[in-house]
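A.B. asks:
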Amino acid sequence: MAKEVVAELPGILRVYRDGSTVRIGDPILNFSPSHQEWGDEWGVSVKDVAFDEILYPGASPSWVRLYLPPQHTNNLKLPVIIYFHGGGFCESFLGGSLGYHRMCLKWAAEVGAIIVAANYRVAPEHRLPAAYDDCMAALEWIRLQKDNWMNLFGDFANVHLMGDSVGGNIVHHVMTAIHKDVDRWKPLQIKGAIMLQPFFGSEERTKSEVNCPEDAFLGLEICDWCWKLALPAEADRNHPFCNPLGVEGVFALNSANLPKVMVVIGGRDLLRDKQLEYCKALKSCRKQIQVVQFQEEDHGFYAMKLEGESSLQLLAHASLFIKSADMGHHSKF
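In the UniProt record's numbering, the protein residues as written are 1 to 333.
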């Protein structure tokens with residue numbers, strides 16, 4: 001007898017009545033390929049580093065992927081970008097997504113920064129806050145300075161958080177947590193945060209959700225299912241994990257000593273209205289924020305169209321943002 005399906009992300013995964021989950025997406029997303037098989041025209045060195053310790057309460061042993069750009073001759077240490085990938089909290093793209101891998105290669109080379117791409121557990125097997133805890137553990141791994149690449153070339157006083165889609169959501173939760181106790185995270189200094197189309201929502205529908213183009217890459221049904229599978233059991237989309245603009249969320253924004261923030265918004269993204277609300281809230285809390293909009297772009301354009309005009313413009317904006325966030329500071333190795 002066929003097992004009963006109780007939840008499904010079309011083309012991604014199915015959850016059955018017995019609690020089992022079957023992932024049905026593209027096989028390229030389900031394995032960690034050889035970096036050599038993929039190639040690299042930018043000259044970036046790549047390695048995966050696993051850590052077995054429980055480095056943060058609630059976290060699990062995990063791993064990160066490091067991207068080291070071609071070495072410069074000026075002996076200056078490199079900015080560090082801690083990157084959190086997207087995937088609706090339900091897909092783990094770090095090991096097998098060619099699009100994300102090439103994006104990290106290009107950004108490391110063009111920005112001239114070490115990128116630390118963090119792996120994290122995903123739903124429905126691991127509901128939130130598992131992903132947040134694992135990403136905090138990645139920061140703790142960096143803070144403990146256990147890697148030779150990081151120690152030789154990374155500038156721990158010039159660290160930036162970056163994430164796309166749910167990775168942008170993770171950036172919000174990580175930066176507000178860090179800046180409750182900045183001294184605890186020394187020598188790390190978070191100079192900036194880049195949120196690429198952050199994945200936020202609420203029970204109340206926005207106009208951009210209701211009027212989402214039929215051919216949009218990300219649709220409302222997928223968004224709703226992601227939240228159903230990722231949020232704590234019985235929670236709705238007004239939970240602070242999803243909606244950062246409730247009373248608790250706004251208080252966290254207002255009270256935290258946040259770094260400079262860049263929010264990137266696509267005009268064809270159904271999440272854009274909630275992202276604009278978030279930007280407005282940051283401004284009302286007197287935080288430093290830069291909003292970059294690409295009116296013709298869909299959700300995830302920067303990974304799907306790496307060499308597209310908007311993606312190249314975004315890279316230029318982000319590079320300038322990172323350089324300007326720490327003007328006058330130059331660590332040497």
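Cβ atoms here follow ideal geometry from the backbone N, Cα and C, with glycine treated the same way.
#1: Using the three-state DSSP reduction, which class does residue 31 fall into: helix, strand or coil?
#2: Could you check the C-alpha separation between residue 254 and residue 291 for me, to the nearest Å?
#3: Going residue by residue through the region 169-243, where are the continuous beta strand (DSSP E) segments of at least 3 residues, counting only ones entirely within it?
#4: Using the Cα positions of residue 213 and residue 244, report the straight-line distance between them to the nearest angstrom.
#5: Under three-state DSSP, which class holds residue 256?
#6: If I follow the unbroken beta strand (DSSP E) through residue 322, where does it start and stop?
#7: Just to confirm before moving on: does the CB-CB distance between residue 88 and residue 163 stay below 9 Å?
#8: By how many angstroms is the C-alpha of residue 318 removed from the C-alpha of residue 274?
#9: Which of the three DSSP states is assigned to residue 5 in this structure?
#10: For the alpha helix (DSSP H) containing residue 138, name the first residue and the last one.
#11: Between which two residues does the beta strand (DSSP E) harbouring residue 283 extend?
#12: Output yes or no for whether 9 Å exceeds the beta carbon distance between residue 201 and residue 225.
#13: May I have the straight-line CA-CA distance separating residue 137 from residue 57, to the nearest angstrom?
#14: Report the three-state DSSP secondary structure of residue 250 (helix, strand or coil).
#15: Quick one, are the C-beta atoms of residue 232 and residue 121 less than 9 Å apart?
#16: Comparing C-alpha positions only, which one of 321, 14, 296, 322 sits nearest to residue 310?
#17: I need the boundaries of the alpha helix (DSSP H) containing residue 98, first residue and last residue.
#18: Helix, strand or coil, according to DSSP, for residue 120 in the structure here?
#19: Quick one: grab the DSSP three-state call for residue 152.
#20: Between residue 48 and chain D, is any beta-carbon pair separated by less than 9 Å?
#21: May I ask you to report which of helix, strand or coil DSSP gives residue 44?
#22: Nearest to residue 64 by alpha carbon, out of 263, 221, 150?
#23: To the nearest angstrom, report how far apart residue 32 and residue 43 are at their CA atoms.
#24: Just list the residues that DSSP pairs residue 266 with in beta bridges.
#25: Excluding five sequence neighbours on each side, which residues of the same chain lie with their C-beta closer than 7 Å to the C-beta of residue 34?
#26: What does a CB cutoff of less than 8 Å around residue 8 pick up in its chain, not counting 5 residues either side in sequence?
#27: Measuring CB to CB, does residue 100 end up less than 9 Å from residue 303?
#28: Considering only the alpha carbon of each residue, which of 59, 237, 106, 235 lies closest to residue 118?
#29: Among the residues of its own chain, which have a CB less than 6 Å from the CB of residue 169, if the five just before and after it don't count?
C.D. replies: The structure says:
#1: On the sequence shown, position 31 is the one that residue 31 refers to. Here the model assigns residue 31 a pLDDT of 42, short of 50, so the residue's position is not dependable, and the following value carries that caveat. If DSSP states are grouped into helix, strand and coil, residue 31 belongs with coil.
#2: Indexing the sequence shown from 1 puts residue 254 at position 254. Indexing the sequence shown from 1 puts residue 291 at position 291. Whole-angstrom Cα-Cα distance: 19 Å.
#3: Complete beta strand (DSSP E) runs here, min 3: 190-196.
#4: Indexing the sequence shown from 1 puts residue 213 at position 213. Indexing the sequence shown from 1 puts residue 244 at position 244. In this structure, the straight-line span from the alpha carbon of residue 213 to that of residue 244 is close to 25 Å.
#5: The residue labelled residue 256 in the question sits at position 256 within the sequence shown. Shown here, residue 256 sits in coil according to DSSP, grouped into three states, outside any helix or strand.
#6: The count along the sequence shown starts at 1 and reaches residue 322 at position 322. For residue 322, no beta strand (DSSP E) segment is defined; the enclosing uninterrupted segment is the alpha helix (DSSP H) at 309-324.
#7: Here the question's residue 88 lines up with position 88 in the sequence shown. Here the question's residue 163 lines up with position 163 in the sequence shown. No; because the gap between Cβ atoms is not below 9 Å, this pair is not in contact.
#8: Against the sequence shown, residue 274 aligns to sequence position 274. Against the sequence shown, residue 318 aligns to sequence position 318. Approximately 22 Å, taken between the alpha carbons.
#9: Translated into the one-based positions of the sequence shown, residue 5 becomes position 5. Judged by DSSP in its simplified three-state form, residue 5 adopts strand.
#10: Taking the first residue of the sequence shown as 1, we reach residue 138 at position 138. 130-143 is the extent of the alpha helix (DSSP H) around residue 138.
#11: Within the sequence shown, residue 283 is the residue found at index 283, counting from 1. No beta strand (DSSP E) holds residue 283; the alpha helix (DSSP H) holding it covers 272-284.
#12: By one-based count along the sequence shown, residue 201 stands at place 201. By one-based count along the sequence shown, residue 225 stands at place 225. Cβ distance not < 9 Å, so residue 201 and residue 225 don't count as in contact.
#13: In the sequence shown, counting from the first residue as 1, residue 137 sits at position 137. In the sequence shown, counting from the first residue as 1, residue 57 sits at position 57. Rounded to whole angstroms, residue 137 to residue 57 spans 8 Å at the Cα level.
#14: Working through the sequence shown from its first residue, we reach residue 250 at position 250. Reduced to three states, the DSSP call for residue 250 is helix.
#15: What you label residue 232 is simply residue 232 of the sequence shown in a count that begins at 1. What you label residue 121 is simply residue 121 of the sequence shown in a count that begins at 1. No, the Cβ-Cβ distance between residue 232 and residue 121 is not below 9 Å.
#16: One-based indexing of the sequence shown puts residue 310 at position 310. Of the listed residues, the one whose Cα sits closest to residue 310 is 296.
#17: Here residue 98 refers to the residue found at position 98 when the sequence shown is read from its first residue. Residue 98: member of the alpha helix (DSSP H) spanning 98-111, first to last residue.
#18: Indexing the sequence shown from 1 puts residue 120 at position 120. In the structure shown, residue 120 sits in coil (DSSP, three-state: anything other than H, G, I, E or B).
#19: Position 152 of the sequence shown, counted from the first residue, corresponds to residue 152. Residue state for residue 152 is assigned as helix, using DSSP reduced to three classes.
#20: Although the question refers to chain D, the structure presented lacks it and comprises just one protein chain.
#21: To locate residue 44, count along the sequence shown from 1; it is residue 44. In the structure shown, residue 44 sits in coil (DSSP, three-state: anything other than H, G, I, E or B).
#22: Numbered from its first residue, the sequence shown carries residue 64 at position 64. Ranking 263, 221, 150 by CA distance to the CA of residue 64 puts 150 first.
#23: Taking the sequence shown and counting its residues from 1, the one referred to as residue 32 is at position 32. Taking the sequence shown and counting its residues from 1, the one referred to as residue 43 is at position 43. At residue 32 the pLDDT is 47, less than 50, meaning the model places this residue with poor confidence and gives no usable figure here.
#24: On the sequence shown, residue 266 is found 266 positions in, with the first residue counted as 1. As a beta-bridge residue in DSSP terms, residue 266 pairs with 294.
#25: For the purposes of this step, residue 34 is taken as residue 34 along the sequence shown, with counting starting at 1. For residue 34, the pLDDT reaches just 48, beneath the cut-off of 50, and the residue's location in the model is therefore unreliable, leaving the point undetermined.
#26: Here residue 8 corresponds to residue number 8 of the sequence shown, with the count starting at 1. By the criterion of a C-beta distance shorter than 8 Å, residue 8 is surrounded in its chain by 14, 15, 225, once the five residues flanking it on both sides are discounted.
#27: Reading the sequence shown from its first residue, position 100 is the one you call residue 100. Reading the sequence shown from its first residue, position 303 is the one you call residue 303. Yes; because the gap between Cβ atoms is below 9 Å, this pair is in contact.
#28: Taking the sequence shown and counting its residues from 1, the one referred to as residue 118 is at position 118. Closest by alpha carbon: 59.
#29: The residue labelled residue 169 in the question sits at position 169 within the sequence shown. In the same chain as residue 169, and ignoring 5 residues on each side of it, the C-beta atoms closer than 6 Å to its own belong to 198, 199, in chain order.
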